[in-house]
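All remarks here apply to the structure that follows.
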Amino acid sequence: MAGVDDVFGDIFSSVDAIMLFGPSGSYYERFTTGEDSDVVVVGTENDVGAETFVELPLEFDEVSERVRFGIEGALEQDVIDDGDDLACATSVFSDDIDTVSRVRADADAHTGIYDLFAKSRAEPAVIKSVLELAIELGKKGQKGKPVGALFIVGDAGKVMNKSRPLSYNPFEKSHVHVGDPIVNVMLKEFSRLDGAFVISDAGKLVSAYRYLEPSAEGVDIPKGLGARHMAGGAITRDTNAIAIVLSESDGLVRAFKAGELILEVDPEAY
Amino acid sequence: MEWQTLIDEPAVIAAAVLALGLVVGYLVGRLNKELLSASGVPDAVEGTPFERTAQSLGTSTVEIVARLSSWFIYGIAVLTAIHIAQLLDTDAFWFEVTQYLPQVFIAVLVLILGFIIADKAELIVSEYLRSVKLPEVSVIPRLVKYAVLYVAFLIALGQIGVYVLPLLILLAVIATGAVVVGTFAFKDFLVSSAAGIYLLLNQPYGIGDRIRIGDQAGIVQEVDLFVTKIEDDSEEYIVPNRKVFEEEIVRVRE
Numbered sequence: 001m002a003g004v005d006d007v008f009g010d011i012f013s014s015v016d017a018i019m020l021f022g023p024s025g026s027y028y029e030r031f032t033t034g035e036d037s038d039v040v041v042v043g044t045e046n047d048v049g050a051e052t053f054v055e056l057p058l059e060f061d062e063v064s065e066r067v068r069f070g071i072e073g074a075l076e077q078d079v080i081d082d083g084d085d086l087a088c089a090t091s092v093f094s095d096d097i098d099t100v101s102r103v104r105a106d107a108d109a110h111t112g113i114y115d116l117f118a119k120s121r122a123e124p125a126v127i128k129s130v131l132e133l134a135i136e137l138g139k140k141g142q143k144g145k146p147v148g149a150l151f152i153v154g155d156a157g158k159v160m161n162k163s164r165p166l167s168y169n170p171f172e173k174s175h176v177h178v179g180d181p182i183v184n185v186m187l188k189e190f191s192r193l194d195g196a197f198v199i200s201d202a203g204k205l206v207s208a209y210r211y212l213e214p215s216a217e218g219v220d221i222p223k224g225l226g227a228r229h230m231a232g233g234a235i236t237r238d239t240n241a242i243a244i245v246l247s248e249s250d251g252l253v254r255a256f257k258a259g260e261l262i263l264e265v266d267p268e269a270y
Numbered sequence: 001m002e003w004q005t006l007i008d009e010p011a012v013i014a015a016a017v018l019a020l021g022l023v024v025g026y027l028v029g030r031l032n033k034e035l036l037s038a039s040g041v042p043d044a045v046e047g048t049p050f051e052r053t054a055q056s057l058g059t060s061t062v063e064i065v066a067r068l069s070s071w072f073i074y075g076i077a078v079l080t081a082i083h084i085a086q087l088l089d090t091d092a093f094w095f096e097v098t099q100y101l102p103q104v105f106i107a108v109l110v111l112i113l114g115f116i117i118a119d120k121a122e123l124i125v126s127e128y129l130r131s132v133k134l135p136e137v138s139v140i141p142r143l144v145k146y147a148v149l150y151v152a153f154l155i156a157l158g159q160i161g162v163y164v165l166p167l168l169i170l171l172a173v174i175a176t177g178a179v180v181v182g183t184f185a186f187k188d189f190l191v192s193s194a195a196g197i198y199l200l201l202n203q204p205y206g207i208g209d210r211i212r213i214g215d216q217a218g219i220v221q222e223v224d225l226f227v228t229k230i231e232d233d234s235e236e237y238i239v240p241n242r243k244v245f246e247e248e249i250v251r252v253r254e
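Read top to bottom, the protein sequences are chains L and D.
For the first sequence, position 56 matches number 56 in UniProt numbering, and the numbering has no gaps at all.
For the second sequence, position 127 matches number 127 in UniProt numbering, and the numbering has no gaps at all.
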């Protein structure tokens, strides 16, 4: 079987860094003791206490998404350089690491997916919970029927000034924050309301039922998406907010920043 | 007649007392254990570090307390036996010991109780504070624990006759010091949070309103307990809530 080592050895020979996606503690130990190239741990949480760690906002199911996000985050944090050859070890079929792929870090292929979390106005944890909420909502729908929803996160003061109420704001004088246990249930009920949810930088639910009035000039979103996406995308161009949209028709969750589509995930895959 | 002389012999009486003491001590220990178990003490102390330490030593809180009462009675029996046998013929010693032994017993009991109550209080307070999402809050349960421990130590020391007044004075000084320094250091925070509570409850302005506080004008971006964030075109002002009351709030309407 020496031939197999030769052939597959090319995949991880002379790499500049090794990226471990969600390794277990003992797996990580084996790398730090034996290996002398850089080890970068990527995961939703730094369970293994690694020195160089890139946080994933979601457990991306799509491997290429996961790897791309990890690399973009690592580039952003300067733990790897443009043009580095990386061995990315991740899990595809089981919970343990079972796959290695060789990827070249390319700073030009920047999609902004990492910026969406790390460099937005709102706190990363807030964006993460809203995204999880949208995915949850997309998975279950409201009483089994698919629902659409539009969340505008961050820069709430400006967003409020570029929108008007469609009806009474159910969150008037309330102090509900994204991430509170009650919120999922509440939003599931409120998701039948028309209009957008406005969420502040710190995660406060400012309003529901908002009709967004941005100028839609120059917004470039894929054709075929409806008014909800257009409104969400456009407001992110006018303000520093980001928009997280759950589509009613195709059930996908999309995130917009600065008028551009940054992230597209299928809730069914999580 | 031989029986009579035998019974009158102090050594025999002493031995009898000793034996009786051992039996009674053992029985009291068992009884205590049963009583404590029946009254739900094991459930109450479960999860406290004291209980865990006891478990790791192969025993339990209930057992320790029961053992303690046994030892107490053993101790009394031994001393009585010594007295009867007149091994140590000093009334003064006897007097001291009878005074001292119950106190030591109570002191140890108070200490054990203190440890358990302290641990329990820590657990309850941290449970209560769990919904408060501030890492700094974890100090408070520990503070409660050590306060309870301190008081327990004071009581225990007082029991065995240690002069505790200086310690009490120390406690008072620390407490007043903490309060005084706290109010000085956190004065602005306290005033701001008082104002913040009003702002959060009444919401004279909300996110998205255009307001002016003193010289700073802009759109409200965030209102929390301590500060209000106002943003105009280029700058974001973070205004302490006490300012909101010192200067007036102007709601700007076009």
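Glycine residues also receive a C-beta, built at the ideal position from the N, C-alpha and C atoms.
In the structure shown, E55 of chain L adopts extended strand secondary structure according to DSSP, grouped into three states. When the Cα atoms are used, I18 of chain L and A89 of chain L turn out to be separated by approximately 7 Å. A Cβ-Cβ distance of about 4 Å is found for the pair G203 of chain L and V126 of chain L, placing them in contact under the 8 Å criterion. Contact annotation: in the stretch 114-133 of chain L, no residue has its CB less than 8 Å from a CB in chain D. Residue range D38 to G43 is occupied by the beta strand (DSSP E) that includes D38 of chain L. Residue-level contact by beta carbon fails for M230 of chain L and chain D, as no gap is shorter than 8 Å. Using a Cβ-Cβ cut-off of 8 Å, Q216 of chain D does not count as an interface residue toward chain L, since no Cβ of chain L sits closer than that to its own. For the set D:I160, D:Y146, D:R142 and D:A38, the Cα lying nearest the Cα of Q103 of chain D is the one of D:I160. Secondary structure within the stretch 133-194 of chain D: the alpha helix (DSSP H) runs of 4 or more consecutive residues, fully enclosed, are 139-159 and 165-185 (chain order). At a cut-off of 8 Å, the C-beta of K173 of chain L has a neighbouring C-beta in chain D. Excluding sequence positions up to five before and after V153 of chain L, its CB lies within less than 7 Å of the CB of A122, V126, I127, V130, I199, A241, I242 and I244, all in the same chain and listed in chain order. Nearest C-alpha to A50 of chain L among L:V63, L:F31 and L:E172: L:F31.
Within chain D, no C-beta atom comes less than 9 Å from the C-beta of N184 of chain L; the nearest is roughly 16 Å away.
A straight line joining the alpha-carbon of F50 of chain D with that of V108 of chain D spans about 14 Å.
Per DSSP, the continuous alpha helix (DSSP H) segment holding G233 of chain L begins and ends at A227 to D238. Only buried fits L246 of chain L, as 16 or more other CB atoms lie within 10 angstroms of its CB. Just so you know, the alpha carbons of Y168 of chain L and Y211 of chain L end up roughly 12 Å apart. Under the three-pair Cβ rule at 8 Å, the stretch 255-266 of chain L counts as touching the stretch 108-115 of chain L.
Interface annotation, G195 of chain L: not in contact with chain D, CB-CB separation never under 8 Å. Between R212 of chain D and V244 of chain D, the gap from beta carbon to beta carbon reaches 8 Å or more. Neighbours of S200 of chain L in chain D, taken as residues whose beta carbon is under 8 Å from its own, are I207, Q221 and E222 in chain order. Within the stretch 147-169 of chain L, D155, A156, G157, K158, V159, M160 and N161 place their CB atoms closer than 8 Å to a CB of chain D, listed in sequence order. Here Q203 of chain D carries a coil assignment [DSSP, helix/strand/coil].
Remark: C-beta atoms of L150 of chain L and A196 of chain L approach each other more closely than 8 Å.
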